[in-house]
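In what follows, a structure is listed as structure tokens, so that the remarks can point back to it.
There are 2 protein chains.
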Amino acid sequence: MSQTKSMTTKQIVLTSRPKGTPTPEDFRIENVELQAMKENELLLQGIYYSVDPYMRGRMNDTKSYTAPFKVGHPIEGGVVAKVIGSKLADFKTGDIVLGLLPWSEKIVALATGVKKIDATKVPPSYYLGILGMPGLTAYFGLMDITKPKAGETVVVSGAAGAVGVVVGQIAKIQGCRVIGIAGSHDKIKLLKEEFGFDEAINYKTTADIRQEIARLCPNGVDVYFDNVGGTISDAVISNVNFHARIALCGQISLYNSTEVPMGPRLQPMLLTRSVLLQGFIISNYQSRFPEGIQQLAQWLTAGKLKYTETIIHGFTQLPVALIGLFKGENKGKMVVEA
Amino acid sequence: MSQTKSMTTKQIVLTSRPKGTPTPEDFRIENVELQAMKENELLLQGIYYSVDPYMRGRMNDTKSYTAPFKVGHPIEGGVVAKVIGSKLADFKTGDIVLGLLPWSEKIVALATGVKKIDATKVPPSYYLGILGMPGLTAYFGLMDITKPKAGETVVVSGAAGAVGVVVGQIAKIQGCRVIGIAGSHDKIKLLKEEFGFDEAINYKTTADIRQEIARLCPNGVDVYFDNVGGTISDAVISNVNFHARIALCGQISLYNSTEVPMGPRLQPMLLTRSVLLQGFIISNYQSRFPEGIQQLAQWLTAGKLKYTETIIHGFTQLPVALIGLFKGENKGKMVVEA
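Here the protein sequences come in this chain order: E and F.
So the numbering used here is basically just the index in the first sequence, starting at one, shifted up by 4.
So the numbering used here is basically just the index in the second sequence, starting at one, shifted up by 4.
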């Protein structure tokens, strides 16, 4: 397909840096004229757009492991798109690609910024979840940092999220007892009935989470995979065993804090119990992504890993979907289908 | 020497569990009759008694990595003693031994609870310090947990203490830039002039420790060896680099807290900077002690490691010496000579 000069597209722009939880007013939908494709570029039509907790950090103007979003520019994130125009022999119309791309309905992008994905065996949206960053985060965080052994007790917070459901299932594959923490009756039910967690705790209705963890983990906690931080993590960490390992993956409960959050100092306990705590971001493991994808795909096709998505329909729903993450509106991975 | 039936000895007994910082009233000096030696036992005369920060934890009635001291019973700790009576051919009068022993001037102990030390090449008190637990703690905590690389920046808190002076010197041997934190002008001078630290910070006279660390560590902090915890550690940790390593060795600033101390939640920073934090106690490395002692002794005899002790004279000064640790009254390792 050839590109017309006057093609326009909708895009979603950050209008202001949120104070606390983002609101719809922090975003604007714009109609803009699309740049013409240049050499080595592709014209893409977005199909699935990823919304992820880490995006909150990029909305702040602070130095972190990824550059801040720019005010007045489109948000960017993981996108599965269809090629609808190509300047390269390697990419044909109809090919499905994955990339870190702007929130735009149509996108002109360098071919080097995307990779083709095989959407014949699994739905293409899986490459934003179980075969993408969340799945790899679960795999490397659990296996490489916490090294769970059969018979150990593993606790996962944010257990019903995109990363959490995978962590819990991999821990079960390793022969562990797995306890998930999530925020609704439906999620608890899902974790136990669908994903094989041994026990699950609804933190919104449990008066004393610390005591409940002690009750459900009679042998203590050997591994804690932390997606949420804050008081839930305090409760888990007070139950850790000697030589416990904590993978620090997310702190969603604190991402919208406007002041430095305070809490009990954990170091005395981490010291006396010889605990390992390791923060990580998935890009640390970039060189090992193929290993992770291969293992996850194998478990998936063998039926050992189940997967769930929350799909929101409509490109313009992206801001609402992202805001919904911080209210716990997702079960498993949340994506927006254009 | 044969033991008379009516031999008495002084011992120092814990009379009450301290609330906050220990006071002299928490201890009592008693004259007790010494039990007669039985088979496989030795009669010992204490020479050097170790006072160490970890002892504060044993004064509480809480589960930890070592059992609490018992109220009404003698304190116990590292002691270098001379054999003055023996039921075994392997131990002769005049042999010098090291053991975890009661605070008693004379001690009847099982021979299996002590080991002979070679006091011909180094003063016997060194076995309570640089060739004992503090030296091994510095060696394994720094080398095994933080793995410093030449050119990296290492910060040590409690730098003028028994562990800290060794950590800093080993880090220099590894080719690192080393910054120490301590609590007096004299200690700062000692660290820089005697022990070769590149810079040292007096936390008692520095208004903004965080800023001072930033100034003295223009390339950020790669390794933090933490002996103190609390606000000093907050200041260091706010300056850590991506992939920094923190060895959690002591938390002396918090040991006398009567409530759970609160502080800024560090996890968001540890996460985004992919930081490793590992709590440890030296007994984790028991099987590797010979390796550690050999390396420390080699550095010591090669003149690469210097050593300093604060020696307090008089057995009955033990409580005062221990209390003094929490006021920072020691330079290097503090021991009491009977």
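Just so you know, even glycine gets a beta-carbon here, dropped at the ideal spot from N, CA and C.
Quick check on DSSP: helix, strand or coil for residue i?
i	result
Tyr-69(F)	coil
Arg-60(E)	helix
His-189(E)	helix
Arg-219(F)	helix
Pro-272(F)	helix
Tyr-207(F)	coil
Ser-90(F)	strand
Gly-200(E)	coil
Val-55(F)	coil
Gln-39(F)	coil
Glu-34(E)	strand
Gln-24(F)	Per the sequence shown, the amino acid found at residue 24(F) is Gly instead of Gln. Reduced to three states, the DSSP call for Gly-24(F) is coil.
Arg-181(F)	strand
Gly-50(E)	strand
Thr-8(F)	In this predicted model, Thr-8(F) has a pLDDT of only 49, less than 50, meaning its place in the structure is not dependable; the value taken from the coordinates is given anyway. Looking at Thr-8(F) - three-state DSSP - the assignment turns out to be coil, as it is neither helix nor strand.
Gly-307(F)	coil
Gly-296(E)	helix
Gln-290(E)	helix
Gln-282(F)	strand
Gly-234(F)	helix
Arg-332(F)	Note that residue 332(F) is Gly in the sequence shown here, rather than Arg. Residue state, collapsed to three classes: coil.
Gly-165(F)	strand
Gln-255(F)	coil
Output the distance between the C-alpha atoms of residue i and residue j, rounded to the nearest integer angstrom.
i	j	result
Val-194(F)	Val-182(F)	It should be noted that the sequence gives Leu, not Val, for residue 194(F). Their Cα atoms are separated by approximately 14 angstroms.
Asn-245(F)	Ile-236(F)	17 angstroms
Ile-134(E)	Phe-284(F)	35 angstroms
Ser-161(E)	Gly-233(E)	8 angstroms
Ala-248(F)	Val-158(F)	10 angstroms
Cys-221(F)	Glu-198(E)	51 angstroms
Tyr-58(F)	Val-112(F)	25 angstroms
Gly-224(F)	Thr-66(F)	38 angstroms
Leu-105(E)	Arg-21(E)	20 angstroms
Asn-231(E)	Ser-278(E)	22 angstroms
Val-126(F)	Gly-136(F)	12 angstroms
Tyr-228(F)	Leu-270(F)	14 angstroms
Ile-205(F)	Gly-172(F)	13 angstroms
Pro-268(F)	Leu-275(F)	14 angstroms
Ala-211(E)	Asp-190(E)	18 angstroms
Met-5(E)	Asn-44(E)	In this predicted model, Met-5(E) has a pLDDT of only 48, less than 50, meaning its place in the structure is not dependable enough to derive any value.
Asn-260(E)	Ile-79(E)	18 angstroms
Thr-8(F)	Leu-47(F)	For Thr-8(F), the predicted structure reports a pLDDT of 49, less than 50, and the residue's modelled location is therefore unreliable. A value from the coordinates is still provided. Their backbone Cα atoms lie some 11 angstroms apart in a straight line.
Lys-331(E)	Val-324(E)	11 angstroms
Val-75(E)	Val-264(E)	24 angstroms
Ala-301(F)	Gly-81(F)	23 angstroms
Glu-34(E)	Gly-50(E)	16 angstroms
Ala-252(F)	Gly-168(F)	The amino acid occupying residue 252(F) in the given sequence is Leu; Ala does not appear at that position. Answer to the nearest angstrom: the Cα atoms are 12 angstroms apart.
Would you list the one or two residues that DSSP bridges to residue i?
i	result
Tyr-228(E)	Val-159(E), Ile-250(E)
Pro-78(F)	Val-17(F)
Glu-313(F)	Lys-337(F)
Val-84(F)	Tyr-52(F), Leu-102(F)
Val-244(E)	Val-225(E)
Glu-45(E)	Leu-114(E)
Gly-172(F)	Partner(s): none; Gly-172(F) has no beta bridge.
Gly-343(F)	Any question about residue 343(F) goes unanswered here, given that chain F covers just 5 to 342.
Taking its Cβ as the centre, do 16 or more other Cβ atoms sit within 10 Å of residue i, making it buried, or is it exposed?
i	result
Gln-390(F)	Since the first residue shown for chain F is 5 and the last is 342, residue 390(F) is missing from the structure and cannot be characterised.
Glu-29(F)	exposed
Asn-334(F)	buried
Ile-315(E)	exposed
Arg-60(F)	buried
Arg-219(F)	exposed
Met-266(F)	exposed
Leu-18(E)	buried
Ser-291(E)	exposed
Gly-307(F)	exposed
Ser-257(F)	buried
Thr-141(E)	buried
Ala-239(E)	buried
Asn-243(E)	buried
Glu-272(F)	Inspection of the sequence shows that residue 272(F) is occupied by Pro rather than by Glu. When all chains shown are included, Pro-272(F) counts as buried.
Lys-337(E)	buried
Gly-165(E)	buried
How would you list, in chain order, the residues of chain B whose beta-carbon sits under 7 angstroms from the beta-carbon of residue i?
i	result
Tyr-69(F)	Of the protein chains in the structure, E and F, none is chain B.
Worksheet item: In chain order, which alpha helix (DSSP H) runs of at least 4 residues are fully inside the stretch 94-152 of chain F?
Response: 137-144
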